[in-house]
Amino acid sequence: MGRVEFTFYMIIVWLFLPVFTQYMIFEFLNYPITHQLLSKELILALDGFKPLQSLRFDSGYSMHYNAMSLWMIQIPISLIYAHGRLKDIGWHPVLSIVLGLPVINLLLCFWKGTQGENSYGLPTGEATLGKKIVVYGSPIIVPLALLIIGNKLYG
Numbered sequence: 030m031g032r033v034e035f036t037f038y039m040i041i042v043w044l045f046l047p048v049f050t051q052y053m054i055f056e057f058l059n060y061p062i063t064h065q066l067l068s069k070e071l072i073l074a075l076d077g078f079k080p081l082q083s084l085r086f087d088s089g090y091s092m093h094y095n096a097m098s099l100w101m102i103q104i105p106i107s108l109i110y111a112h113g114r115l116k117d118i119g120w121h122p123v124l125s126i127v128l129g130l131p132v133i134n135l136l137l138c139f140w141k142g143t144q145g146e147n148s149y150g151l152p153t154g155e156a157t158l159g160k161k162i163v164v165y166g167s168p169i170i171v172p173l174a175l176l177i178i179g180n181k182l183y184g
């Protein structure tokens, strides 16, 4: 798995998965039948899942984002992708246990893979254009997407 492809999946797992989950719960709780089928405790628990929050201050609003909201899902997924990325670099895949941590995992987004064949096989093909656009445009795309979703949730 190449750098661009790995970075693309990390953006999806760490930035968009929690917000998408929050949006789906928000939409689910807005159906009237939901309140008839679920207990009040479960509805309150689901409603409390808010990785993206809008905070009001005297002079305006601020957005707060907690990327670790689904860590019990995100870390195993990161380990799986780190396993593939380590093979591309030529390192032993068992190291994915150490590199599966979010901050250390960031190194795999920038570390260049081996040229040609290594002990794990041939390098993967080039990432698709869509993945490249998301990765290289992420400094603009990610905040813009979070603002749009936040506006839909709290607007």
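Heads up, the sequence shown is in this note's numbering, so the first residue is 30 and it goes up one at a time.
The beta carbon of each residue, even a glycine, is placed where N, CA and C say it ideally should be.
Owing to the predicted nature of the structure, the values given are computational and were not obtained by experimental measurement.
Taking 9 Å as the cut-off, decide whether the C-beta atoms of residue i and residue j are in contact.
i	j	result
G145	L151	yes
S75	F57	Strictly speaking, residue 75 in this sequence is Leu, with Ser absent from that position. In this structure, F57 lies closer than 9 Å to L75 by Cβ.
L182	S83	yes
M30	K116	yes
N147	G113	no
F35	Y110	yes
V42	Q103	yes
Y149	P105	no
Excluding the 5 residues preceding and the 5 following residue i in the sequence, name in chain order all residues of the same chain whose CB lies nearer than 7 Å to its CB.
i	result
V79	Residue identity check: residue 79 is Lys in the sequence provided, not Val. Once the five neighbours on either side are set aside, the close Cβ partners of K79 are Q51.
V163	F37, I40, I170
F55	L182
K161	V33
S167	I40
Any idea which residues DSSP pairs residue i with across the strands?
i	result
N147	G150
Just to confirm my understanding: we take residue i, look at its own chain, exclude 5 residues before and 5 after, and list those with CB closer than 8 Å. What are they?
i	result
L175	L44, V48, L81, M92, Y94
W100	none
For chain D, is any of its Cβ atoms less than 9 Å away from the one on residue i?
i	result
A111	Given the protein chain composition of this structure (a single chain), no chain D is represented.
Three or more beta-carbon pairs under 8 Å between the segment 89-106 and the segment 41-59, yes or no? Touching, per the Cβ criterion.
Would you list, in sequence order, the uninterrupted alpha helix (DSSP H) runs of no fewer than 4 residues that lie entirely inside the segment 59-118? DSSP runs (the alpha helix (DSSP H)) wholly in the segment 59-118: 61-66, 69-76, 100-118.
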